[in-house]
Structures are given as C-alpha cells and as structure tokens.
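Undergrad: Following our numbering, the numbering of the sequence shown begins with 3 at its first residue and continues without gaps. Glycine is no exception: its CB is placed at the ideal position from the N, C-alpha and C atoms.
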Amino acid sequence: MRIAIVTQRLHKRTGTEIVTRDMCKSLRDAGHSVCVLTTYAGPFAAEIRALGLPVVTEPRQMPFAPDVAHLNHLNDIDNLFRTFPRCRGVYQHHAPAAGVPAAVRHPNIRYRVGISPLACQQIERATGVPSDGILGNYVDLSSIPQVTARPERPRRWLVVCHKKHAWTHYAKIAWLGFCHGAHCAAVGPRIFRRIRSIPAEAARFDLVFASARCALESAAAGAGVIVTDYRGVAGFVTPDNVLHAWHHNFGGEMLTSPAHFDALEQAILCYDSQHAYDAAMTVQRLANLSQGLARWEAIYRDIAANQSPPNSDHFHDRRAA
Numbered sequence: 003m004r005i006a007i008v009t010q011r012l013h014k015r016t017g018t019e020i021v022t023r024d025m026c027k028s029l030r031d032a033g034h035s036v037c038v039l040t041t042y043a044g045p046f047a048a049e050i051r052a053l054g055l056p057v058v059t060e061p062r063q064m065p066f067a068p069d070v071a072h073l074n075h076l077n078d079i080d081n082l083f084r085t086f087p088r089c090r091g092v093y094q095h096h097a098p099a100a101g102v103p104a105a106v107r108h109p110n111i112r113y114r115v116g117i118s119p120l121a122c123q124q125i126e127r128a129t130g131v132p133s134d135g136i137l138g139n140y141v142d143l144s145s146i147p148q149v150t151a152r153p154e155r156p157r158r159w160l161v162v163c164h165k166k167h168a169w170t171h172y173a174k175i176a177w178l179g180f181c182h183g184a185h186c187a188a189v190g191p192r193i194f195r196r197i198r199s200i201p202a203e204a205a206r207f208d209l210v211f212a213s214a215r216c217a218l219e220s221a222a223a224g225a226g227v228i229v230t231d232y233r234g235v236a237g238f239v240t241p242d243n244v245l246h247a248w249h250h251n252f253g254g255e256m257l258t259s260p261a262h263f264d265a266l267e268q269a270i271l272c273y274d275s276q277h278a279y280d281a282a283m284t285v286q287r288l289a290n291l292s293q294g295l296a297r298w299e300a301i302y303r304d305i306a307a308n309q310s311p312p313n314s315d316h317f318h319d320r321r322a323a
C-alpha cells in the first residue's frame with residue numbers, strides 16, 4: 003500500500019515527530035511505500051531521510067500517488083486531496099487539550115480517531131458526530147534494553163521536562179529527592195537538555211516523573227513512573243492502573259491532584275519495584291510497535307476498500323486489551 007504520513011513540523015523530538023518516524027519505519031519494513039508530507043522539514047526531517055524514507059514539503063513532490071494519508075495534523079490537506087483526489091485519510095488527534103480544526107470535516111477523511119477519550123470528545127465537538135474511537139501511542143521496543151528489576155528503594159530519579167513551568171516542577175521533585183536521599187536528574191527541552199531517546203535514558207533510572215508519551219516510554223523501559231507535570235499528579239503507575247493510564251495516554255486528563263508537595267510525596271511513597279516491573283511488562287505487551295502496525299494496517303485496508311461504515315466499533319483501541 004502507498005501511504006502518506008502528514009505531520010506539520012519535523013523540527014524537534016516531540017511526541018508526534020517520534021510517532022511519525024516510528025510509523026514510517028515499521029510501515030516501510032512491512033513492505034509498504036511510505037512518504038512524509040510536512041510544512042517544515044527541519045532537523046528531524048534529516049533523521050527520517052537518513053533512514054531512507056522520503057520527506058517532502060509539497061504533495062506534488064511525493065514519489066507516488068498515496069492510497070491512504072495518515073493525518074497527524076491537518077496542514078495543507080486541501081492541497082493534498084486536490085492533488086490526489088482518490089486518496090483517503092484517517093485523522094488522529096494528538097492534542098487532547100486543543101480543539102480540532104474545521105478541516106477535519108473534509109470528505110476525503112474517512113476515519114477520525116483520538117489519542118485518548120478527551121481527544122475523541124474534541125473530535126465530536128468539531129464534527130457533531132462521535133469519533134471512530136481511540137488510537138493510542140506505541141513504542142519501538144528495539145531501542146530499549148532488557149527490563150531488569152529496580153531496587154526496593156529508588157535512588158536514581160529522572161524528571162522529564164517537556165512542559166512549561168518545568169523548572170518550578172523540577173525544583174519541587176529535586177527537593178523531595180534530597181529528602182529521600184535520592185539523586186535527581188532532569189532532561190528535556192524546557193531545561194535545555196535534549197536527548198535522542200527517552201526510553202534509553204529512562205532505562206538508567208529507578209523512578210521517572212513524566213507525562214504523556216514520555217511517561218509511556220519510561221514505563222516501557224522498566225522504570226517506576228509517576229505521571230505528573232506542572233498541571234498535576236496522577237500517581238505511581240502499577241499493574242492495576244496501567245491500562246487506565248494507557249487509555250488516557252498518560253496525559254493531562256489523568257492529572258487530578260494539584261502538583262503540590264503532598265501529592266508528589268504520596269506518589270513517591272507508593273513506589274514498588276515489583277509493580278514497576280509488572281507495569282512495564284503490560285506496557286510492552288499492549289503498546290509495542292508491532293501491535294501498532296497491525297492497528298494501522300487494519301484501518302488503512304478498510305479505508306482503501308471503503309467498506310467500513312463511519313464510527314465503526316471495530317477500531318476501539320482497548321478492546322483487544
């Protein structure tokens with residue numbers, strides 16, 4: 003199948019840009035023809051091109067006429083579908099807190115899925131009809147070392163600073179780390195320390211404080227994870243709540259407690275090394291890239307064949323789980 007992946011910017015290593023790279027690699031390796039369409043081909047575009055994958059900034063530059071377009075963003079879709087009128091699209095809403103552009107109603111878009119329940123609600127607000135379900139994030143496990151058990155007391159802490167107010171949030175956690183006798187490090191664009199791989203970095207730590215895709219990747223790497231950022235605290239990830247966390251993309255809609263010292267302290271006290279290991283095994287089973295590939299291919303085949311009715315129940319991400 004010939005597949006276009008549409009992502010607005012390929013500049014930094016944001017979650018959606020990582021998703022774009024991993025999607026392209028797995029689809030290409032499965033025998034599909036893949037091309038990325040973007041409005042800004044920045045430094046991250048060079049990384050994708052280095053994998054032998056084409057990246058273009060205009061639909062007419064694409065090396066083939068796509069059968070399906072996976073729309074991570076809705077930039078320039080009028081031009082895309084005007085150039086390739088037989089192409090059909092699936093839109094995936096990655097920003098639950100943000101509204102959905104009116105372009106989501108384009109008739110060539112046959113499926114509209116969200117990264118979480120809140121993202122699906124945003125689609126329904128924009129279209130007036132329910133979304134086609136949840137399509138979650140998936141992790142490339144090939145970059146993750148074999149998961150090993152963490153110590154009974156977490157001594158190595160990592161704070162992933164990818165949201166605003168990161169310095170204030172990090173300072174709170176660092177103070178708690180000092181009180182617990184732990185070494186606390188931080189990475190992320192908000193503190194000017196970018197890294198190539200969150201999973202590889204998280205694998206070096208016992209306890210990680212993060213949200214959204216960074217929390218998912220850290221859990222897959224075997225670290226104990228507290229889902230948090232400046233907006234609030236969701237708590238320590240365990241085998242009992244990891245499915246709920248994945249269902250909500252480890253994101254803002256989970257952050258029900260304010261990001262105060264007492265909520266962070268309570269989450270830290272819930273740390274359990276066996277729970278961290280068991281949660282990692284669950285994440286690796288549910289959110290590995292091969293599972294994502296099977297989901298994407300099923301949706302693309304259905305769109306290309308134009309056989310599924312809108313809002314089909316078939317593609318609800320958690321049913322298999």
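Let me know the secondary structure DSSP gives Pro-209 once reduced to three states.
TA: Correcting the residue identity first, residue 209 is Leu in this sequence and not Pro. Strand.
Undergrad: What residue ranges within the stretch 16-90 form continuous alpha helix (DSSP H) runs of no fewer than 4 residues, ordered along the chain?
TA: 17-31, 45-51 and 79-85, all fully within the stretch 16-90.
Undergrad: Output the distance between the C-alpha atoms of His-13 and Asp-78, rounded to the nearest integer angstrom.
TA: Going by the C-alpha atoms only, they are around 18 Å apart.
Undergrad: From which residue to which residue does the alpha helix (DSSP H) around Leu-245 run?
TA: Taken as a continuous stretch (DSSP letters only), the alpha helix (DSSP H) holding Leu-245 covers 244-249.
Undergrad: Does the beta-carbon of Trp-159 have 16 or more other beta-carbons within 10 angstroms, so that it is buried, or is it exposed?
TA: Per the 10 Å Cβ criterion, buried.
Undergrad: Once the 5 residues before and after Arg-112 are set aside, which same chain residues still bring their CB inside 6 Å of it?
TA: Here the set comprises Arg-90 and Ile-305.
Undergrad: Rounded to a whole number of angstroms, what is the C-alpha to C-alpha distance between Val-189 and Glu-203?
TA: Each residue's alpha carbon lies about 9 Å from the other.
Undergrad: With burial defined as no fewer than 16 other Cβ atoms inside 10 Å of the residue's Cβ, what is the status of Gly-101: buried or exposed?
TA: Flag for Gly-101 reads exposed.
Undergrad: With which residues is Ile-5 paired in a DSSP beta bridge?
TA: In DSSP, Ile-5 forms a bridge with Val-36 and Val-70.
Undergrad: Straight-line CA distance for Val-235 to Val-115?
TA: Roughly 26 Å between the two C-alpha positions.
Undergrad: Just grab the DSSP bridge partners of Ala-188 for me.
TA: For Ala-188, which the question treats as bridged, DSSP gives the partners Val-161.
Undergrad: For Gly-294, does the three-state DSSP call read helix, strand or coil?
TA: If DSSP states are grouped into helix, strand and coil, Gly-294 belongs with the helices.
Undergrad: State buried or exposed for Gly-54, treating a residue as buried only when at least 16 other CB atoms are found within 10 Å of its CB.
TA: Gly-54 should be labelled exposed.
Undergrad: Pro-147 and Ala-222 look like a contact to me (Cβ under 8 Å); what is the Cβ gap, rounded to whole Å?
TA: Not a contact, Cβ separation roughly 11 Å.
Undergrad: Is it buried or exposed, Phe-66, if we count other Cβ atoms within 10 angstroms and call 16 or more buried?
TA: Counting Cβ neighbours within 10 Å, Phe-66 comes out exposed, since fewer than 16 surround it.
Undergrad: Cα-Cα, which of Pro-241, Ala-247, Gly-224 and Asp-242 is closest to Thr-230?
TA: Thr-230 has its Cα closest to that of Ala-247, out of Pro-241, Ala-247, Gly-224 and Asp-242.
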